[in-house]
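S.K.: Take this structure first; my questions come after.
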Amino acid sequence: MIRTRFAPSPTGPLHLGHAYSAILAHDFAKARGGEFLVRIEDLDQSRSRSEWEMKIFDDLNWLGLTWVTPIMHQSQRASSYEIAINKLSENGLLYPCKCSRKDVRDAVTAPQTEFKIIEGPDGLIYPGTCKYQKYSNENVAENALRLDMNKASSRCITINNQNIKMNGSRENKNIIKTSQFIENIGDIVLSRKSMEVAYHLAVVVDDEAQGVSHVVRGLDLKPATNIHVLLQNLLGYSSPYYLHHKLIKDGTGKRLAKRDDAKSISKFREQGAKPADIRAMVGL
Ligand SMILES: [Zn+2]
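The opening position of the sequence shown corresponds to residue 492 in the numbering used here, with each subsequent residue numbered one higher.
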């Protein structure tokens, strides 16, 4: 069964870029007799609003998309994330870290440091400050947990990124040696203080739980796909196929952001646009 998903955050209006992604994922599944799912990525409860969520469903409905219910909300999935964290932890792949973002920046930019300043898909590569510290167990929940990339990449030497093109055919060159992740991804955070899960882990656990077979999403997330496929391997999940689509830009060539209200679907609706006009605007 082919199953795709659209996973917006309810922190602002849907714009043309979201519509493009949602329509592609929807049509990909429907053209192949599959299912389209919607998942609400509301991990950031300080910014998520139920009003935005209702507007998202209203826009998707107006665009003519249909999806399978019930809708999954990341805010209600803490116990599933905890199971995954515990599994990685039991396998010795995580270690606690007390560093703030500033601590990490200070450590890699300090004079006479041997660390290189490398920006990975998840921010600055962690210099390993806490890696060999012995923190007592009772502190674990108060700290972030990082993936030990040395151990992770020795547990799965290669990963298979199953990338596909818009027509559904496979891209070449999918097998990736994970040893390179030590330097260009590093020890990423998988859970923050008080077990708040990181996006990378949540998305992998959710795609597995929802049986997503094809992840259709923007090219901006292509660098993160290596992390996701690695985590799927470490957790014993099978990996979905990945289709990374072009990003919709504004008139000046800049990628659309949440704050670009001028390109929001509701604005176009107010101005009398039809769903077919939206499709035409994004080249569908
Ligand atoms: Zn640390």
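From the three backbone atoms N, C-alpha and C, an ideal C-beta is built for every residue, glycine too.
(1) Helix, strand or coil, according to DSSP, for GLY508 in the structure here?
(2) Taking the alpha-carbon of ARG746 as reference, which of PRO766, LEU734, LEU710 and ASP768 has the nearest alpha-carbon?
(3) Give the DSSP bridge partners of PRO612, in chain order.
(4) Given a threshold of 16 other Cβ atoms within 10 Å of its Cβ, counted over all protein chains shown, does ILE608 qualify as buried or as exposed?
(5) List the endpoints of the continuous alpha helix (DSSP H) containing PRO499.
(6) Which residues neighbour ligand 1 when neighbourhood means a C-beta less than 6 Å away from any of its non-hydrogen atoms? List them by chain order.
(7) Between MET563, ALA635, LEU721 and ARG530, which lies nearest to ALA667 when the distance is taken from Cα to Cα?
(8) Could you tell me which of HIS691, SER500 and GLN624 sits nearest to ILE676, measuring between CA atoms?
(9) Could you pull out every unbroken alpha helix (DSSP H) segment of at least 4 residues lying fully inside the stretch 709–733, listed in chain order?
(10) Given 8 Å as the limit, is there contact between the stretch 564–573 and the stretch 527–547, that is, 3 or more CB pairs closer than that?
(11) With 16 as the cutoff for other CB atoms within 10 Å, does ARG538 come out buried or exposed?
(12) What are the start and end residues of the alpha helix (DSSP H) that includes PHE548?
(13) Using only the alpha-carbon positions, how far apart do ASP613 and ILE679 sit?
(14) Count the other CB atoms within 10 Å of the CB of ALA700; is the residue buried (16 or more) or exposed (fewer)?
(15) Exposed or buried, what is ASN577 when buried is set at 16 or more other beta-carbons lying within 10 Å of its beta-carbon?
(16) Just to confirm, is the Cβ distance from LEU554 to ILE769 under 8 Å?
(17) Between ALA575, LEU579, LEU775 and PHE527, which lies nearest to PRO561 when the distance is taken from Cα to Cα?
(18) Rounded to a whole number of angstroms, what is the C-alpha to C-alpha distance between SER500 and LEU507?
(19) One question on the structure: do ILE448 and TYR732 come within less than 8 Å of each other, judged by their Cβ atoms?
(20) Quick check on ALA635: does DSSP put it in helix, strand or coil?
M.R.: For this structure:
(1) Three-state DSSP puts GLY508 in a helix.
(2) If you compare the alpha carbons of PRO766, LEU734, LEU710 and ASP768 with that of ARG746, the shortest gap goes to LEU710.
(3) Per the DSSP secondary-structure output, PRO612 pairs in a beta bridge with GLY614.
(4) Exposed, because fewer than 16 other Cβ atoms sit within 10 Å of the Cβ of ILE608.
(5) From DSSP, PRO499 is part of no alpha helix (DSSP H); its letter is neither H nor E.
(6) Spelled out in chain order, the answer is CYS588, LYS589, CYS590, THR620 and CYS621.
(7) Here residue 667 turns out to be Ile, not Ala, going by the sequence shown. Nearest of MET563, ALA635, LEU721 and ARG530 to ILE667, Cα basis: LEU721.
(8) Nearest option by C-alpha distance: HIS691.
(9) With a minimum length of 4 residues, the continuous alpha helix (DSSP H) runs that stay inside the stretch 709–733 are 713–725.
(10) In short, these stretches touch, since the Cβ pair count reaches three.
(11) By the neighbour-count criterion, in which 16 or more other beta carbons inside 10 Å mark a residue as buried, ARG538 falls on the exposed side.
(12) According to the DSSP assignment, PHE548 belongs to the alpha helix (DSSP H) that extends over 541–553.
(13) Answer to the nearest angstrom: the Cα atoms are 7 Å apart.
(14) Looking at its Cβ environment, which holds fewer than 16 other Cβ atoms inside 10 Å, ALA700 is exposed.
(15) Looking at its Cβ environment, which holds fewer than 16 other Cβ atoms inside 10 Å, ASN577 is exposed.
(16) Against a cut-off of 8 Å, the Cβ pair of ILE769 and LEU554 comes out as a contact.
(17) The option with the nearest alpha carbon to PRO561 is PHE527.
(18) Cα-Cα distance, rounded: 15 Å.
(19) The requested residue 448 does not occur in the structure, where the chain is confined to residues 492 to 775.
(20) ALA635: strand per DSSP, three-state reduction.
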